[in-house]
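Before any comments, here is the structure.
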Amino acid sequence: MSASPLLAVEGLTRRFQGLVAVDSVDLAVREGTVHGLIGPNGAGKTTLFNMVSGVLAPSAGTVRLDGRALDGLAPYRRTALGLARTFQNIRIFSEMTVLENVMTGLHTRLSARLGILLRSPGFRAEERGAKARARDLLAFVGLSEAADLRAGALPYGDQRRLEIARALACEPRLLLLDEPAAGMNPAETHALLALLRRLRDERGLTLLLVEHDMPLVMSLCDRLTVLNFGRRIADGTPAEVRAHPAVIEAYLGAGTAQAGTAQGHPDAHPQGAVS
Amino acid sequence: MWQTLDDFYWTYQSLIHGIGVNGILALSIYVVLAVGQLSLGQAAFMGVGAYTGALLTVKFGTPFAVSMAAAAAVPALIALVVGGPTLRLTGVYLAIATIGLGEITRIVFLNWDYAGGALGLSGIPEKGGVLAIYGTLAVVLIALILVARSRIGRAMEAMREDEAAAGVMGVNLPRYRMTALVVSSGLAGIAGCLSAHVSSFIGPNEYGFETAVTILSYALLGGIGSPVAPVLGAAILTLLPEVLRPLADFRLMVNGLIIVVAVLFMPRGILPWRIARTG
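Protein sequence lines, in the order shown, are assigned to chains A and B.
According to full-length UniProt numbering, the first sequence is numbered sequentially starting from 1.
According to full-length UniProt numbering, the second sequence is numbered sequentially starting from 1.
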């Protein structure tokens, strides 16, 4: 077990007028793991993602990436520090080609300025390199054939894979995936699961994902954090979380919790604070 | 042959100048629209450039190149100062703020006695002409095409499509917005200076709201898929009233009708072709 987590979220809170969407949530994601963030609709998962990626400013709390506080940093600065994300509702650049989408993800890794106007050898080499890199990533997610198509013309599942390839182009250390399997058919979900496993096992990438597809979450994630009404109600391995009374109650409703624990796993010791 | 060309040039001189100047103005609004912003301040920046260049030439006798450089620099500087607070606004709100900026500029020129007040500035020596206008247009057009086909062009299109997603991809949004406004203001200033030095007269009311809308319509009609499109839009909108001259009284009506029909049936512009974004 490594000493300090790659992503450390402490006391993160977001209030929207009267509503507390995320209520002092703690979260630690260790390097090289897949960490799942689950919870019923409206639990605050996407709000938490938006605060981690810098799209939304928190009302309180801190986010640290590898020990460095990200407070107040704009999204582009976080990208340069090694954070990338995908969106719940796909947000690819649909007018651009598939290849150009991925190349846009390489933005912070490219530096040409004046060379652009002079078409200097340096610029051309960088651009060639970027193209090759983008093609590699498309091959990795299985979209090589589609490189020159308009991104908006891709089928749904391919658009999701393109969004992952584009995020990978940012060369992140931590990749945030917001419901990557949403709207996918079982075959597509299966392919996605394999892809995400390869990201962790072959590339050593750390993933934090929000997902509603429980079979996918349970078989993929090393660790889970459960939110309900903005609060963290459980944290632990998939087996621990599955047996946690508060989780069962959140998903199935009050009254079923006792029944669930009575039947289930009496020896599970979830760490999460039940508030 | 040479005689015919010469006659043609003298007859249509102002039209030929107009197409070139409006082409540069079209590129100035293109730069703003290309990052997904909407500005109605281009006419004001054009006015600032025209007055800067004309005042320098008339009152101080500076060489044309110096007047031109100042005519680009002054509006660009104003954009840099004004951009800080206004670029927090986006979309329609930015457009309204830039209309306000345009009005302020017009009123300043109207009441500035040194610059001729309501009477404007006359007797601006003719300098530059066709060569300077079309030379500038060509250089700017080529530069913008080269920029479009690079990481900067990709970032700009990404911003136009989905600003939040572009930010997450690592695009420094405030910086891109500011640079676009500054560059577009400089271009508008250059266009103003060129036009002042071929028309010999400038007045405060030439750079009002109506001109701002006309400049915007170049890009609406032409499209913004590539830098060539708005220039084509400007050429058509500048030529159209002349081509329709035989229609006499119906001229402006038909002119308006053609624009409405074009915008309705070609929402992506007359030239919807999209430039590739790789270098």
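Just so it is clear, CB atoms sit at the ideal spot from N, CA and C, and this is done for glycine as well.
All values reported here derive from a predicted model rather than from experimental measurement.
Margin query: Just to confirm, is the Cβ distance from R245/B to R154/B under 8 Å?
Written below: Taking the second sequence and counting its residues from 1, one reaches residue 245/B at position 245. Taking the second sequence and counting its residues from 1, one reaches residue 154/B at position 154. Cβ distance not < 8 Å, so R245/B and R154/B don't count as in contact.
Next item on the list: From the DSSP output, in three-state form, read off A268/A for me.
Entry: One-based indexing of the first sequence puts residue 268/A at position 268. Note that A268/A has pLDDT 40, beneath the 50 cutoff, so the model's placement of it is unreliable and the number below is only indicative. Three-state DSSP puts A268/A in coil, outside helix and strand.
Item checked: Any C-beta of chain A under 8 Å from that of N22/B -> Looking up residue 22/B in the second sequence gives position 22. False, the Cβ-Cβ gap to chain A never drops below 8 Å.
Note to self: Taking beta-carbon pairs under 8 Å, can you tell me which members of the stretch 163 to 185 of chain B lie near chain A?
What the structure shows: A164, A165, A166, G167, V168, M169, G170, V171, N172, L173 and P174
Item checked: Cβ-Cβ distance between V58/B and M159/B below 8 Å -> Taking the second sequence and counting its residues from 1, one reaches residue 58/B at position 58. Taking the second sequence and counting its residues from 1, one reaches residue 159/B at position 159. Not a contact, by the Cβ cut-off of 8 Å.
Check: With 16 other CB atoms within 10 Å as the buried threshold, where does L48/A fall?
Finding: Translated into the one-based positions of the first sequence, residue 48/A becomes position 48. L48/A should be labelled buried.
Margin query: Against chain B, with Cβ distances strictly below 8 Å, would Y76/A count as a contact?
Written below: As a first step, residue 76/A must be located in the first sequence, where it is residue number 76. Cβ-Cβ to chain B under 8 Å: yes for Y76/A.
Check: Do you know whose CA, among R128/A, N101/A, V98/A and V102/A, lies nearest A112/A's CA?
Finding: The residue given as residue 112/A occupies position 112 in the first sequence. Answer by Cα proximity: R128/A.
Check: From which residue to which residue does the alpha helix (DSSP H) around D201/A run?
Finding: By 1-based counting over the first sequence, the position of residue 201/A is 201. If you look at D201/A, you'll find it in the alpha helix (DSSP H) that goes P186 to D201.
Next item on the list: Determine the closest residue to residue 276/A out of L205/A, M103/A, D71/A and L12/A, with distance taken between C-alpha atoms.
Entry: This structure gives no information on residue 276/A, because the portion of chain A shown stretches from 1 to 275.
Next item on the list: With a threshold of 16 other CB atoms inside 10 Å of the CB of P40/A, please say whether the residue is buried or exposed.
Entry: Locating residue 40/A in the first sequence gives position 40, where the first residue counts as 1. So P40/A ends up on the exposed side.
Item checked: Start and end residues, alpha helix (DSSP H) containing V63/A -> Along the first sequence, read from residue 1 onward, the residue named residue 63/A stands at position 63. Unbroken run through V63/A is the beta strand (DSSP E), A60 to L65; no alpha helix (DSSP H).
Next item on the list: Going by CA-CA distance only, name the one from P215/A, V210/A, M218/A and A250/A that's closest to N89/A.
Entry: The residue labelled residue 89/A in the question sits at position 89 within the first sequence. Among P215/A, V210/A, M218/A and A250/A, the Cα nearest to that of N89/A is on V210/A.
Check: If we ignore side chains and look at the alpha-carbon of each, how far apart do L237/B and L173/B end up?
Finding: To locate residue 237/B, count along the second sequence from 1; it is residue 237. To locate residue 173/B, count along the second sequence from 1; it is residue 173. Spanning the two alpha carbons is a distance of roughly 33 Å.
Note to self: Suppose you measure from the CA of I133/B to the CA of I224/B; what does that come to, to the nearest Å?
What the structure shows: Sequence index remark: in the second sequence, residue 133/B carries index 133 (1-based). Sequence index remark: in the second sequence, residue 224/B carries index 224 (1-based). One C-alpha to the other measures close to 22 Å.
Next item on the list: Spell out whether any CB of chain B is found under 8 Å from the CB atom of A55/A.
Entry: As a first step, residue 55/A is located in the first sequence; it is residue number 55 there, counting from the start. In the sequence on display, residue 55/A carries Val and not Ala. Yes, contact with chain B.
Note to self: Mapping the DSSP letters down to three states, classify V48/B as helix, strand or coil.
What the structure shows: On the second sequence, position 48 is the one that residue 48/B refers to. In the structure shown, V48/B sits in a helix (DSSP, three-state: H, G or I).
Next item on the list: Run through the stretch 3 to 60 of chain B for me and flag every whole alpha helix (DSSP H) of 4 or more residues, listed as ranges in chain order.
Entry: 42 to 60
Next item on the list: Would you kindly report the start and end of the unbroken beta strand (DSSP E) that includes R15/A?
Entry: Here the question's residue 15/A lines up with position 15 in the first sequence. Unbroken beta strand (DSSP E) run through R15/A: L7 to F16.
Next item on the list: Would you list the one or two residues that DSSP bridges to I38/A?
Entry: Position 38 of the first sequence holds residue 38/A. I38/A is bridged to V226/A.
Check: Of the choices A8/A, G142/A and S59/A, whose alpha-carbon is the least far from that of L99/A?
Finding: The sequence position of residue 99/A within the first sequence is 99, counting from 1. That would be G142/A, whose Cα lies nearest to the Cα of L99/A.
Checklist line | Closest Cα partner of K45/A within the set S120/A, I233/A and D222/A | finding: Here the question's residue 45/A lines up with position 45 in the first sequence. When each option's Cα is compared against that of K45/A, the closest is I233/A.
Notebook entry, point to check: Which runs of the alpha helix (DSSP H) spanning at least 4 residues fall entirely within the stretch 62 to 105 of chain B, listed in chain order?
Noted result: 64 to 86
Check: Quick one: does G279/B have its CB under 8 Å from some CB of chain A?
Finding: Locating residue 279/B in the second sequence gives position 279, counting from the first residue. Judged by the 8 Å Cβ criterion, G279/B is in contact with chain A.
Check: What residue range is occupied by the uninterrupted beta strand (DSSP E) comprising G236/A?
Finding: On the first sequence, position 236 is the one that residue 236/A refers to. From DSSP, the beta strand (DSSP E) with G236/A extends over R231 to G236.
Margin query: Between which residues of its own chain and A146/A is the CB-CB distance below 7 Å, once the five residues before and five after are set aside?
Written below: Position 146 of the first sequence, counted from the first residue, corresponds to residue 146/A. Answer for A146/A: V98, L154 and D158, listed in chain order.
Note to self: So if DSSP puts V260/B in a beta bridge, which residue, or which two residues, is it bridged to?
What the structure shows: In the second sequence, counting from the first residue as 1, residue 260/B sits at position 260. Answer is none; V260/B lacks a bridge partner.
Next item on the list: Using a Cβ-Cβ cut-off of 8 Å, state whether E179/A counts as contacting chain B.
Entry: Within the first sequence, the letter at position 179 stands for residue 179/A. By this cut-off, E179/A is not an interface position.
Check: Within the 8 Å Cβ cut-off, does L110/A reach chain B?
Finding: Taking the first residue of the first sequence as 1, we reach residue 110/A at position 110. Yes, its Cβ sits closer than 8 Å to a Cβ of chain B.
Notebook entry, point to check: Roughly how many whole angstroms lie between the Cα atoms of M96/A and I190/B?
Noted result: Position 96 of the first sequence, counting from 1, holds the residue named residue 96/A. Position 190 of the second sequence, counting from 1, holds the residue named residue 190/B. Those two C-alpha atoms are separated by around 32 Å.
Note to self: Going by the DSSP bridge assignment, what does I202/B pair with across the sheet?
What the structure shows: Locating residue 202/B in the second sequence gives position 202, counting from the first residue. I202/B is bridged by DSSP to L121/B.
Next item on the list: Would you kindly work out how many angstroms separate the C-alpha atoms of T261/A and P245/A, rounded to a whole number?
Entry: For the purposes of this step, residue 261/A is identified with residue 261 of the first sequence, where counting begins at 1. For the purposes of this step, residue 245/A is identified with residue 245 of the first sequence, where counting begins at 1. Interpretation of T261/A is limited by its pLDDT of 42, a score under 50 that renders its predicted location unreliable; no figure is taken from the coordinates.
Check: F250/B: buried (16+ other C-beta within 10 angstroms of its C-beta) or exposed?
Finding: To locate residue 250/B, count along the second sequence from 1; it is residue 250. Looking at its Cβ environment, which holds fewer than 16 other Cβ atoms inside 10 Å, F250/B is exposed.
Check: By the criterion of Cβ-Cβ separation under 9 Å, what are the contact partners of V147/B in chain A?
Finding: Numbered from 1 along the second sequence, position 147 holds the residue referred to as residue 147/B. By Cβ distance, chain A contributes I116 and L117.
Notebook entry, point to check: Leaving out five residues before and five after R166/A in sequence, what residues of the same chain have Cβ atoms less than 6 Å from its Cβ?
Noted result: In the first sequence, the residue the question calls residue 166/A occupies position 166. Result list for R166/A: N101, V102 and G105, in chain order.
Note to self: Could you give the first and the last residue of the continuous beta strand (DSSP E) run that contains L174/A?
What the structure shows: Start at 1 with the first residue of the first sequence, and residue 174/A comes out as number 174. Looking at the DSSP string, the run of the beta strand (DSSP E) that includes L174/A is L174 to D178.
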